[in-house]
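First residue of the sequence shown? That's 0 in numbering that gives the first Met the number 0, and the numbers climb one at a time after it.
Positions of the beta carbon are idealized from the N, C-alpha and C atoms, including for glycine.
All of these numbers come straight from a predicted model, not from anything done at the bench.
Everything below concerns the one structure shown next.
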Amino acid sequence: MTDRPTRPKLATATIDRMETQVDPVTPRNRIDGLALVGIAIACVALLAAVFGVSLSFGKVDDARRIAAIAGVATETVPVTVSEFKIEPSTVTVGAGGRLQITNGGSTQHNLAVKGTALHTAMIDPAKTAMLDLASLAAGDYTIICEVPGHEGSGMTGTLHIGAAGTAETVMPGGAMPGMSHGTSAEQMDAIMAARTKAFPAATKGVGAADLAPKVLADGTKEFDLTTSQVDWEVEPGKIVKAMAYNGIVPGPTLRVEPGDHVRVVLHNKMDQSTVIHFHGIDVPNAMDGVPDITQPPVKPGETFTYDFTPKVPMVGLYHSHHNGQVQVPDGLFGAFYVGHMTLPAGTPKLAQDFPMILNDAGTIGFSLNGKSFPATAPVVAKLGDWIKVDYMNEGLMIHPMHLHGVPQLVIAKDGYPQVPHLEDTILVAPGERFSVLIHATAPGVWAWHCHILTHAEREDGMFGMVTALVVK
Ligand SMILES: [Cu+2]
Numbered sequence: 000m001t002d003r004p005t006r007p008k009l010a011t012a013t014i015d016r017m018e019t020q021v022d023p024v025t026p027r028n029r030i031d032g033l034a035l036v037g038i039a040i041a042c043v044a045l046l047a048a049v050f051g052v053s054l055s056f057g058k059v060d061d062a063r064r065i066a067a068i069a070g071v072a073t074e075t076v077p078v079t080v081s082e083f084k085i086e087p088s089t090v091t092v093g094a095g096g097r098l099q100i101t102n103g104g105s106t107q108h109n110l111a112v113k114g115t116a117l118h119t120a121m122i123d124p125a126k127t128a129m130l131d132l133a134s135l136a137a138g139d140y141t142i143i144c145e146v147p148g149h150e151g152s153g154m155t156g157t158l159h160i161g162a163a164g165t166a167e168t169v170m171p172g173g174a175m176p177g178m179s180h181g182t183s184a185e186q187m188d189a190i191m192a193a194r195t196k197a198f199p200a201a202t203k204g205v206g207a208a209d210l211a212p213k214v215l216a217d218g219t220k221e222f223d224l225t226t227s228q229v230d231w232e233v234e235p236g237k238i239v240k241a242m243a244y245n246g247i248v249p250g251p252t253l254r255v256e257p258g259d260h261v262r263v264v265l266h267n268k269m270d271q272s273t274v275i276h277f278h279g280i281d282v283p284n285a286m287d288g289v290p291d292i293t294q295p296p297v298k299p300g301e302t303f304t305y306d307f308t309p310k311v312p313m314v315g316l317y318h319s320h321h322n323g324q325v326q327v328p329d330g331l332f333g334a335f336y337v338g339h340m341t342l343p344a345g346t347p348k349l350a351q352d353f354p355m356i357l358n359d360a361g362t363i364g365f366s367l368n369g370k371s372f373p374a375t376a377p378v379v380a381k382l383g384d385w386i387k388v389d390y391m392n393e394g395l396m397i398h399p400m401h402l403h404g405v406p407q408l409v410i411a412k413d414g415y416p417q418v419p420h421l422e423d424t425i426l427v428a429p430g431e432r433f434s435v436l437i438h439a440t441a442p443g444v445w446a447w448h449c450h451i452l453t454h455a456e457r458e459d460g461m462f463g464m465v466t467a468l469v470v471k
């Protein structure tokens, strides 16, 4: 990170007041209350569904009883469906087992076993459904998504049902074993510890690096952004097909000052059209980057120049607005800063100031600045440091970003100053930006993660939207 804003030191008493200022009843607290009621209703519905299934399948219970007598727990194998694939493409399940199907895509999918009556209901994005396989004899089956056109687009795979009493290890995506089949607590702990101890794991490529503009003779700041399809290492060994600006995810961080004449030259080297929308930035209508509303799509091989002079200081974003539900989560996003935010009176000089861009979909999946734990970057601070973080959500879901150890002082939403107030969990919806100050007053390694636990933890340990604040 470069160009840290420098702020004058002010009286400690002011800082102390700022730190203890708490807003006890914000609308967000009320939303949390409503969310709790929703979760309670969902839990009751889930229990009803589970009992409903177990009552209606006598055969299933028999298979489970046999499995139980044989000392084998019911195996639950995770499967992810998305546009347009089933992962893993070969699923192996012991007799009496079941599938836990998560929709990692952005539209509805289901999972069906071809040639049988077994299928799930339609699963909404980010939702999960169970599919009991105990009625299937040992052998190989074809699994598909039944949404018209999805099977033909690639949503097909093989389901292998093992013989009764077999315990087969399944490693979807090379990472997540089907744990419940004879995995001891010790084995599970060891698998989890291996992931966590790998943090911070080295991977190829670092996103969000600052890009210095070319300064033209008249003072215009010009940035070249080239889109291309690249291999991106999300976590060690997990290399995905991403779409990237200048080869990195997130794309380069662009910084200008209010009143700067800015040109962003987009070179499209992908095999599909694209555009750039400058999210939150004051641009003239013709530069708004929405295909067929303000400009034609920029076709493969074409170049388009965005030309504007932003005047309002902003914590903004730039991203695709064409086939955006694919192009953005697959990597076409980056931070765009206009000037520096006015910090609350009394804020000392910041030791660090950086964007943390959230994503949860596409080929990249659950990630912070383009990386999944343990490849996420820890934030290393000295005791007493002040740090500014701009959460920016480029995903399809909401993420409550929770930091252990010290509270977060929210100072702005979407680049607009708010009355500073402390929170320990910041709810960041898609498109939103929240700017927070963190005062590193507690030594230690503090977990920092999205608190929707399926975005951060799974049977083989922590993954996705997890990093740490390390205070020395
Ligand atoms: Cu999340």
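For residue i, the residue or residues it bridges with in DSSP
i, result
"Gln228", "Met242"
"Lys387", "Asp352, Leu436"
"Pro290", "Gln294"
"Val444", "Val469"
"Met154", "In DSSP, Met154 forms no bridge with anything."
"Ala380", "Val470"
"Arg122", "A small fix is needed here, since residue 122 is Ile in this sequence, not Arg. Beta-bridge pairing links Ile122 to His108."
"Thr472", "Any answer about residue 472 is impossible in this case: the structure gives the chain only from 0 up to 471."
When the options are compared against residue i, the one with the closest alpha-carbon
i, options, result
"His401", "Ile363, Asp384, His420, Ala467", "Ala467"
"Ala446", "Ile275, Gly404, Thr302, Leu215", "Gly404"
"Gly443", "Tyr415, Ala380, Leu426, Gly369", "Ala380"
"Leu129", "Glu458, Leu135, Pro429, Ala120", "Leu is not the amino acid found at residue 129; the sequence shown has Met there. For the residues Glu458, Leu135, Pro429, Ala120, the minimum Cα distance to Met129 belongs to Ala120."
"Thr302", "Pro290, Gln294, Lys84, Asn267", "Asn267"
"Arg194", "Ile292, Thr424, Thr375", "Thr375"
"Pro419", "Val78, Pro406, Glu431, Glu145", "Pro406"
"Cys144", "Asp413, Asp291, Gly104", "Gly104"
Under 8 angstroms between C-beta atoms of residue i and residue j
i, j, result
"His454", "Phe365", "yes"
"Ser299", "Ser272", "For clarity, residue 299 is Pro in the given sequence; the question names Ser instead. Yes. Within cutoff."
"Val76", "Gln99", "yes"
"Thr157", "Ser88", "yes"
"Ala125", "Asn102", "yes"
"His398", "Met355", "no"
"Leu316", "Gly279", "yes"
"Gly330", "Ala243", "yes"
"Pro416", "Ile425", "no"
"Gln251", "Ala208", "Note that residue 251 corresponds to Pro in the displayed sequence, not to Gln. In this structure, Ala208 lies closer than 8 angstroms to Pro251 by Cβ."
"Glu393", "Lys412", "no"
"Phe83", "Met154", "yes"
"Pro312", "Val337", "yes"
Cβ-heavy atom distance, residue i to ligand 1, below 7 angstroms
i, result
"Met396", "yes"
"Met461", "no"
"Asp123", "no"
"Met464", "yes"
"Ile451", "yes"
"Asp131", "no"
"His401", "no"
"Asp359", "yes"
"His454", "yes"
C-alpha gap between residue i and residue j, whole angstroms
i, j, result
"Pro309", "Ile238", "37 angstroms"
"Asp306", "Gln228", "25 angstroms"
"Ala360", "Ser371", "12 angstroms"
"Glu185", "Met191", "10 angstroms"
"Ser319", "Gly206", "17 angstroms"
"Lys471", "Asp384", "10 angstroms"
"Gly460", "Lys203", "22 angstroms"
"Asp264", "Gly93", "Looking at the sequence itself, residue 264 is Val, so the reference to Asp does not match. For Val264 and Gly93, the distance between alpha carbons rounds to 55 angstroms."
"Ala201", "Pro212", "28 angstroms"
"Glu458", "Met187", "8 angstroms"
"Gly151", "Phe277", "35 angstroms"
"Thr91", "Thr141", "12 angstroms"
"Thr235", "Pro377", "In the sequence as presented, Thr is not what sits at residue 235; that position holds Pro. Taking the straight line joining both Cα atoms gives about 16 angstroms."
"Val214", "Arg254", "13 angstroms"
"Gln294", "Ala285", "7 angstroms"
"Met340", "Ser183", "51 angstroms"
"Gly246", "Pro328", "15 angstroms"
"Val146", "Val78", "17 angstroms"
"Pro290", "Ser134", "50 angstroms"
"Val388", "Thr115", "51 angstroms"
"Thr127", "Ala136", "25 angstroms"
"Ile122", "Ile451", "18 angstroms"
"Phe433", "Phe335", "14 angstroms"
"Pro283", "Asp230", "35 angstroms"
Within-8 angstroms CB hit, residue i to chain B
i, result
"Lys348", "Here there is only one protein chain, and chain B is not present."
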